[in-house]
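*Asks:* In the working numbering, the protein residues as written are 1388 to 1924.
I have a structure here, written as structure tokens, and I will follow up with some questions on it.
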Ligand code: 9MR
């Protein structure tokens, strides 16, 4: 993968009394003993320079596969970096396996989980109806699914949304993790490991659909559990609320899955599509059921007072799967508004998923509408490429809120959508820049995916990682990243005066900067998988 870094990176670490900014860099072997390339530091270095093409006319060969460091006199050695054709493969597999580690209601044996083996927690076979569901007291069964994040709750909005992001990769590049590639319990069943893992979440989502077609908003304890292992978190679990956004999101993800799982298991695909239709009927008849936490519930809200983008996403998936006019008409009445940028958070990103899906179906989508959606995606992606080119760490974001690392990955997903329309190398390069930012080219000098890179988060806000007695956190989980709002500042020691991109703390209590979450891993997985698929092409 190309690497580019700013001259500021080298100057930042320079000795203030030293000889002044260095002018030369060296690529050395891992041990630093021999120089394999050298070059001149410019304002920007790019891969071409690092590979020696510019540095010396005689050094025109790409670096051989292996591990290297960069040495800059007066600054020192960089962390090691690897040259390989499939340099993102391990991170991709790691981030999908990160989802496996989030499985609720299932023991993780050492065969699949290694030293992170653990007992099952949260069977969720006797879940109470909270009064906010409109049900009389009683129980139902809602097992399985992934824990949302560092907490042990399961939220429909943030189950369906990442499922949509993950399935997008399958639709865009084909099966990125075939049978027996992930070492999960289903490996060897003759079916895609990738789809097996996502099915674990879909199966749970299906259980959250009430008889009337609406989806309970979440399955949760009344308050967040303590920092204990799953099996030790035994407080009563409730289905809470029933919402328009959760139901539209489920309709979308289930309709998309009905397409993707058609070959995997036709009966399952039929079941998903029937469930999606019932969800669509409920949410279009209940457009104002916006979720807010009831007084006695303080866990994640996933609130959103606007369901336009969820509706567009559901209509787009149902239309792409069925081709039925009703869904197209609805899209005309509520077209997706593709959005990204400061002040636009994940609650609006479902419109982007709607656009991605419509653009995958030029055969179905009438030309004029197709062009309008395409135009939106390309205009936004081009602006993100421009932002990437002009930002300090070649990152596609200008503001850093809760889960900012996922914004970086979501921007890259938008750029990928443009790339599928027009395979310009500028799009792939910008996606690689985004990935570089997440994997270490950032002012914290940290690879935000646990268990990868030279320095990665050690103290994520993640109950199993905090409670398992193992020093290293569960691997393959993406830290939320810098967050200028620091909502957790009472429990977290941020560096005083930290710049926005440094507003991140590798401390267990930092739920606002160092938690992990499904809808952060999912776009990371997409970007890693997409880059893997296009590398060398
Ligand atoms: O990702 C969510 C972020 O956008 C919100 O600002 C934040 C506060 O409501 O909640 C985040 O989601 C958390 C969820 O509510 C509970 N599980 C952990 C999620 C990630 O921190």
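Even glycine gets a Cβ: it sits at the ideal position worked out from N, Cα and C.
When you compare only the Cα positions, how much space is there between residue 1465 and residue 1457?
*Replies:* Residue mapping note: residue 1465 aligns to position 78 of the chain shown, counting from 1. Residue mapping note: residue 1457 aligns to position 70 of the chain shown, counting from 1. So the two alpha carbons sit approximately 5 Å from each other.
*Asks:* Would you say the beta carbon of residue 1789 is closer than 8 Å to some non-hydrogen atom of the ligand 9MR?
*Replies:* As a working note, residue 1789 is residue 402 in the chain shown. Yes, the Cβ of residue 1789 comes within 8 Å of a heavy atom of the ligand 9MR.
*Asks:* Is there at least one non-hydrogen atom of the ligand 9MR closer than 8 Å to the beta-carbon of residue 1733?
*Replies:* Residue 1733 sits at position 346 when you count from the first residue of the chain shown. Yes, Cβ of residue 1733 sits closer than 8 Å to a heavy atom of the ligand 9MR.
*Asks:* Three or more C-beta pairs under 8 Å: does that hold for the segment 1829-1843 against the segment 1748-1756?
*Replies:* Output reads no: the segment 1748-1756 does not touch the segment 1829-1843.
*Asks:* Mapping DSSP to helix, strand and coil, what is residue 1533?
*Replies:* Against the chain shown, residue 1533 aligns to sequence position 146. In the structure shown, residue 1533 sits in a strand (DSSP, three-state: E or B).
*Asks:* Quickly, what does DSSP pair residue 1469 with across the bridge? List them, please.
*Replies:* By 1-based counting over the chain shown, the position of residue 1469 is 82. In DSSP, residue 1469 forms a bridge with 1454.
*Asks:* Report the residue ranges of all alpha helix (DSSP H) runs contained in full by the segment 1697-1766; include only those spanning at least 4 residues, in chain order.
*Replies:* Segments of the alpha helix (DSSP H) lying fully in the segment 1697-1766: 1712-1720 and 1737-1746.
*Asks:* Kindly indicate the opening and closing residues of the beta strand (DSSP E) around residue 1487.
*Replies:* Counting from 1 along the chain shown, the entry for residue 1487 is found at position 100. Run containing residue 1487: none in the beta strand (DSSP E); it sits in the alpha helix (DSSP H), 1476-1488.
*Asks:* For residue 1910, count neighbouring C-beta atoms within 10 Å of its own C-beta (all shown protein chains included) and say buried if the count is 16 or more, exposed if not.
*Replies:* Within the chain shown, the letter at position 523 stands for residue 1910. Per the 10 Å Cβ criterion, buried.
*Asks:* Taking all protein chains shown into account, decide if residue 1760 is buried (16 or more other Cβ within 10 angstroms of its Cβ) or exposed.
*Replies:* Translated into positions along the chain shown, residue 1760 becomes position 373. Buried, because 16 or more other Cβ atoms sit within 10 Å of the Cβ of residue 1760.
*Asks:* Below 8 Å on the Cβ atoms is my contact criterion, and I expect residue 1632 with residue 1706 to pass it. Report the Cβ-Cβ distance as a whole number of Å.
*Replies:* To locate residue 1632, count along the chain shown from 1; it is residue 245. To locate residue 1706, count along the chain shown from 1; it is residue 319. Between residue 1706 and residue 1632 the Cβ distance is about 19 Å, and since that is not below 8 Å, they are no contact.
*Asks:* Measuring straight from C-alpha to C-alpha, what distance separates residue 1766 and residue 1758?
*Replies:* Stepping through the chain shown from its first residue, residue 1766 is reached at position 379. Stepping through the chain shown from its first residue, residue 1758 is reached at position 371. Rounded to whole angstroms, residue 1766 to residue 1758 spans 12 Å at the Cα level.
*Asks:* Helix, strand or coil for residue 1426, going by three-state DSSP, please let me know.
*Replies:* Counting from 1 along the chain shown, the entry for residue 1426 is found at position 39. Residue 1426: strand per DSSP, three-state reduction.
*Asks:* For residue 1684, count neighbouring C-beta atoms within 10 Å of its own C-beta (all shown protein chains included) and say buried if the count is 16 or more, exposed if not.
*Replies:* The residue you call residue 1684 lines up with position 297 of the chain shown. Answer is buried; the Cβ neighbour count reaches 16.
*Asks:* Name the one or two DSSP bridge partners that residue 1627 has.
*Replies:* As a position in the chain shown, residue 1627 is number 240, starting the count at 1. Paired residue(s): 1605.
*Asks:* Over what stretch of residues does the beta strand (DSSP E) that includes residue 1498 continue unbroken?
*Replies:* Here residue 1498 is taken as the residue at index 111 of the chain shown, counted from 1. Residue 1498 -> not in any beta strand (DSSP E); alpha helix (DSSP H) instead, spanning 1497-1500.
*Asks:* Rounded to a whole number of angstroms, what is the C-alpha to C-alpha distance between residue 1888 and residue 1900?
*Replies:* Working through the chain shown from its first residue, we reach residue 1888 at position 501. Working through the chain shown from its first residue, we reach residue 1900 at position 513. One C-alpha to the other measures close to 11 Å.
*Asks:* Quick check: the Cα distance between residue 1493 and residue 1713, rounded to an integer number of angstroms?
*Replies:* As a working mapping, residue 1493 is identified with position 106 in the chain shown. As a working mapping, residue 1713 is identified with position 326 in the chain shown. The straight-line gap from Cα to Cα measures roughly 40 Å.
*Asks:* How long is the line joining the alpha carbons of residue 1608 and residue 1725, rounded to whole angstroms?
*Replies:* Against the chain shown, residue 1608 aligns to sequence position 221. Against the chain shown, residue 1725 aligns to sequence position 338. If I take the Cα positions, the gap works out to 35 Å.
*Asks:* Can you tell me whether residue 1541 is helix, strand or coil according to DSSP?
*Replies:* To locate residue 1541, count along the chain shown from 1; it is residue 154. Here residue 1541 sits in strand by DSSP.
*Asks:* Looking at the ligand 9MR, does it come within less than 8 Å of residue 1536, judged from the CB to the closest heavy atom?
*Replies:* In the chain shown, residue 1536 corresponds to position 149, counting from 1. Checking every heavy atom of the ligand 9MR against the Cβ of residue 1536, one is found closer than 8 Å.
*Asks:* Assign residue 1643 to one of three DSSP states: helix, strand, or coil.
*Replies:* Translated into the one-based positions of the chain shown, residue 1643 becomes position 256. Note: residue 1643 maps to helix in three-state DSSP.
*Asks:* By the three-class DSSP mapping on this structure, what secondary structure does residue 1793 have?
*Replies:* Taking the first residue of the chain shown as position 1, residue 1793 is located at position 406. Helix, per DSSP.
*Asks:* Take residue 1444 and list the residues in its own chain whose beta-carbon comes closer than 7 Å to its own, dropping the five residues that flank it on each side.
*Replies:* For the purposes of this step, residue 1444 is identified with residue 57 of the chain shown, where counting begins at 1. Residue placement at residue 1444 cannot be trusted, given a pLDDT of 37 that sits under 50; what the coordinates show is reported in the next sentence. Closer than 7 Å at Cβ, skipping near neighbours: no residue.
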